[in-house]
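Chains as they are written, first to last, in this note's numbering: chain A, 438 to 728; chain B, 4 to 352.
Below: one structure, written as structure tokens.
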Amino acid sequence: MKLYGRRAQLEGFAFVAPFLILYLFLLIYPLLRGIVMSFQRADPFGGGRFVGFGNFTELAADPVFHQALANTFLFTIIIVPPLTVVTLALALALNKPTRSAAWFRGLFFAPSVLSVTIVTLIWRFVLAPDAGLVGEVMQATGGQPIPFLSDPGLVKLAIALTTIWWSFGLPMMLFLAGLQQIPEDVYEAAALDGASKWTTLWRVTLPSLRRTVLLVIMLQTAAQLQLFGQAQLLTSGGPNGASRPVVLFIYETAFVRWQLGYASAAAELLFLLILAVTLVQYFTVNRQDGE
Amino acid sequence: MLDDLSLTLEAREFIAFLGPSGSGKSTLLRIIAGLESADAGEVWLEGRRIDGLAPGDRGVSMVFQHYALYPHMTVRENMAFGLKNARVPRDEIQTRVDAAAKVLEIEEHLDKKPGQLSGGQRQRVAIGRAIVKQPKLFLLDEPLSNLDAALRMRTRVELAQLRQKVDAAVIMVTHDQAEAMTLADRIVVMNDRTIQQVGPPMEIYERPANAFVAQFVGSPAMTLIPAQIVAGDGHLVILKLGDGTVVETAVPRADLPAQGELRLGLRPESVRVSVGKGVTTRATVELVERLGERTLVYARLADGQRITAEDEGHSRVKIGDEIGIRIDGRAGHIFGADGASHHARARPA
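Shown next, in the form of structure tokens:
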């Protein structure tokens, strides 16, 4: 059968139509609507009123937004580097064909399967100062319970810990896939070149994983800039907004205070921020790659 | 993995491990390199036992089949890596790398990465990386198998020349008998994880130790024809083939086993297409291969036995022709039922 001309185009279109329709209505339309809304003063009950850059200038002066922005950056900084290092170490340790390695790979991937609700529930049991695991241990050893969820400094650490534990799976799998790509004979050549384990790791393995490292950092940065569920469920952003990330700020603005335009503006800013950070990372690494 | 084997190399000797895939030749090479360990046995290099040492401490260099260059390092860094690990002084490294690059004609590529080089250039870098370490023993794992035919021939010649310049022994693994024949001082023919024969190329060719070696070395393969003894004495044996042809060989009767089947082994060059006088028997042509300087004729004898014969370059033989062939029985070999070979007595040197 030979297809050509208009008929072929139509048939081709028919095949992609189901996806395209969903994509247009559930992704592209809301995206554009959001951009429009960010220039309006809007609530769910009536049409928006155009206010130009009003929402954005307001955000620039909003201390709550500033705090959320700072929190988000801090979360990203204390989550992404440790997560990258730990999952890389795990992948290096578990990149073996043994049965126990396979078992541990499954074990470390397991948290990724859980929903954020379960994850926060588990960590609440661990971190709660009065009845939690850490509290019990501290009391049993004669120490004071640590107020992980109510101290403005510790609360960020608690959320970071929860997030790192929850996020092991994907980066570890990406690193394992990257490690599998390195041909065995390169390691054999390094052995014959008298390279120690340490030298082999630094001069052969890690340089070969450059692109995977970049991918993991980019994906995780984008993910952690959007951190939301853990903060909302564990602390509701408290105490005093000390653990409120930007997405929680957007959520509260939109669905607690019903300022849809203002929330949209914050969302657009976050979108631009993620885009910028990702592009910077991408170009830094590509520049280093030379040719 | 490998069954008992023992092998001793002379200084500066070039040895080729020749055998089909799965014969254990690569495993043997990897045991020498330290990449695999033997269940039992010892490896010695210049009076030092090395089988307990790490690969990098053995004083051997290896060229891998797929080159195994470090993709993110430049050519210079690739070649210097082993020396840096051995803590060779910086200017010494520089001197050695530059010297090797000059010999291998890769000077202009020193700052490129392997991904920017052609297959032949990568091959040179891999050889360069082995040379700069100035090892006592080079191990080459199928070094030419990834090159195209023209480049392979050229590299083979260059490898032979290079070999004159380095003061070390070489072990090369190959399944290509032409490589083994042209490069090696001695060939180790392997099959089924055992050494079949060790010897200089021409000895392997002229006096194969058994039927496997006889058929594996030489292209096209030696023809083996079942035969019966008609008569014989201290200097010769007369055999009768299945089609009734009688062939006189130079193998002494006394060397042959008293019982069991025998096979007569004939290389194509001792089976000539012929007319008129001197024709030993007749055969029907099944396939003709024109190689230019000679023509190979695949034919069947009257009893259906296949035989490979040779004719001059401008042969007029066609498929289906009935041809006369002249068998030079005195160049033939006889193989017993167990595959063991029996040759004419060696001419006194």
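We put the CB at the ideal spot given by N, CA and C, even for glycine.
- Message: Any beta carbon from chain A within less than 7 Å of residue 71 of chain B's own beta carbon?
- Response: Chain A contact via Cβ: present.
- Query: Taking a cut of 8 Å between CB atoms, which residues from the stretch 25 to 38 of chain B lie near chain A?
  - Reply: For the stretch 25 to 38 of chain B, the residues whose beta carbon sits under 8 Å from a beta carbon of chain A are, in order, 36, 37 and 38.
- Can you check DSSP and say which residues form a bridge with residue 64 of chain B? Paired residues: B/141.
- Query: Does residue 616 of chain A get closer than 7 Å to chain B when you measure Cβ to Cβ?
  - Reply: Output row for residue 616 of chain A: interface = no.
- Does DSSP classify residue 193 of chain B as helix, strand or coil? Note: residue 193 of chain B maps to strand in three-state DSSP.
- Task: Could you tell me whether the Cβ atoms of residue 282 of chain B and residue 300 of chain B are closer together than 7 Å?
- Result: Not closer than 7 Å, so no.
- Message: Less than 7 Å between C-beta atoms, sequence neighbours within five positions excluded: which residues of the same chain meet that for residue 100 of chain B?
- Response: Excluding positions up to five away in sequence, the list reads 79, 82, 83 and 135.
- List the DSSP bridge partners of residue 345 of chain B. According to the DSSP secondary-structure assignment, residue 345 of chain B is paired through a beta bridge with B/337.
- Item | Residues bridged to residue 327 of chain B [DSSP beta-bridge criterion] | DSSP output for residue 327 of chain B lists B/277 and B/285 as bridge partner(s).
- Chain-ordered chain B contacts of residue 636 of chain A [CB-CB under 7 Å]: Taking a Cβ-Cβ threshold of 7 Å, the residues of chain B close to residue 636 of chain A are 88, in chain order.
- Task: Under 8 Å between beta-carbons, which chain B residues line up against residue 641 of chain A? List them in chain order, please.
- Result: Under the 8 Å cutoff, chain B gives 73.
- Message: Measuring only the C-alpha atoms, how far is residue 718 of chain A from residue 605 of chain A?
- Response: The alpha-carbon atoms of residue 718 of chain A and residue 605 of chain A are separated by roughly 21 Å.
- Is the shortest distance between the beta-carbon of residue 445 of chain A and the beta-carbons of chain B less than 7 Å? Taking Cβ atoms only, chain B never reaches closer than 7 Å to residue 445 of chain A, which makes this a no.
- Query: Looking at the C-beta of residue 684 of chain A, does it have a partner C-beta in chain B at a distance below 7 Å?
  - Reply: Nearest CB-CB separation between residue 684 of chain A and chain B: not below the 7 Å threshold.
- Task: Would you decide whether residue 266 of chain B is buried or exposed? Buried here means 16 or more other CB atoms lie within 10 Å of its CB.
- Result: Classification of residue 266 of chain B: buried, given that the 10 Å Cβ count is 16 or more.
- Message: Could you pull the DSSP bridge partners for residue 314 of chain B from this structure?
- Response: Paired residues: B/298.
- Message: Only counting the same chain, and skipping five residues up and downstream in sequence, which positions put a Cβ closer than 7 Å to that of residue 449 of chain A?
- Response: Cβ-Cβ distances below 7 Å link residue 449 of chain A to nothing in the same chain once the five nearest sequence neighbours on each side are left out.
- Task: Check distances from the C-beta atoms of the stretch 527 to 542 of chain A to those of chain B and list, in chain order, the residues that come in under 8 Å.
- Result: Of all residues in the stretch 527 to 542 of chain A, none has a Cβ within less than 8 Å of some Cβ in chain B.
- Can you name the start and end residues of the beta strand (DSSP E) that residue 477 of chain A belongs to? Counting along the chain, the unbroken beta strand (DSSP E) around residue 477 of chain A starts and ends at 477 to 480.
- Query: Any contact of the stretch 506 to 520 of chain A with the stretch 594 to 614 of chain A, i.e. 3+ C-beta pairs under 8 Å?
  - Reply: Yes, since at least three Cβ pairs between the stretch 506 to 520 of chain A and the stretch 594 to 614 of chain A fall closer than 8 Å, the two stretches touch.
- Query: Which residues of chain B have a Cβ atom closer than 7 Å to the Cβ of residue 730 of chain A, listed in chain order?
  - Reply: Nothing about residue 730 of chain A can be read from this structure; chain A reaches only from 438 to 728.
- Message: Any beta carbon of chain B sitting closer than 7 Å to that of residue 652 of chain A?
- Response: Using a Cβ-Cβ cut-off of 7 Å, residue 652 of chain A does not count as an interface residue toward chain B, since no Cβ of chain B sits closer than that to its own.
- Answer yes or no: do residue 144 of chain B and residue 68 of chain B have a C-beta to C-beta separation smaller than 7 Å? For residue 144 of chain B and residue 68 of chain B, yes; Cβs fall inside 7 Å.
- Query: If we cut at 7 Å on Cβ distances, does residue 525 of chain A have a partner in chain B?
  - Reply: Closer than 7 Å: no.
- Determine contact between the stretch 138 to 158 of chain B and the stretch 53 to 70 of chain B, defined as no fewer than three beta-carbon pairs at a distance below 8 Å. With three or more CB-CB distances shorter than 8 Å, the stretch 138 to 158 of chain B counts as touching the stretch 53 to 70 of chain B.
- Query: For a contact meaning CB atoms closer than 8 Å, what does residue 64 of chain B contact in chain A?
  - Reply: Within chain A, the residues near residue 64 of chain B are 629.
- Query: Which stretch, first to last residue, makes up the alpha helix (DSSP H) that contains residue 684 of chain A?
  - Reply: 683 to 692 is the extent of the alpha helix (DSSP H) around residue 684 of chain A.
- Task: Identify whether residue 352 of chain B lies in helix, strand or coil by the three-state DSSP scheme.
- Result: Annotation note: pLDDT 47 at residue 352 of chain B (below 50); position unreliable, coordinate value reported separately. Reduced to three states, the DSSP call for residue 352 of chain B is coil.
- Query: Quick one: Cα of residue 526 of chain A to Cα of residue 554 of chain A, how far?
  - Reply: Taking the straight line from one Cα to the other gives about 28 Å.
- Near the ligand PLP: residue 278 of chain B beta-carbon under 6 Å from a heavy atom: As far as ligands go, the structure on display features none, and thus does not contain the ligand PLP.
- Query: Anyone know if the C-beta pair for residue 480 of chain A and residue 697 of chain A falls short of 7 Å?
  - Reply: Taking C-beta atoms as the reference points, residue 480 of chain A and residue 697 of chain A count as a pair closer than 7 Å.
- Rounded to the nearest angstrom, how far is the Cβ of residue 662 of chain A from that of residue 509 of chain A, given a contact under 8 Å? With 8 Å as the limit, residue 662 of chain A and residue 509 of chain A qualify as a contact, their Cβ atoms being about 6 Å apart.
- Interface flag, residue 632 of chain A vs chain B, CB-CB below 7 Å: So, interface residue.
- Item | Through-space distance from residue 457 of chain A to residue 634 of chain A, alpha-carbon basis | Each residue's alpha carbon lies about 51 Å from the other.
- Cβ neighbours of residue 451 of chain A in the same chain (closer than 8 Å, five flanking residues each side left out): Close CB contacts of residue 451 of chain A within its chain, under the 8 Å cut and outside five residues either way in sequence, are absent.
- Message: Given a cut-off of 7 Å on the beta-carbon distance, is the pair residue 668 of chain A and residue 589 of chain A in contact?
- Response: Taking 7 Å as the Cβ cut-off, residue 668 of chain A and residue 589 of chain A do not qualify as a contacting pair.
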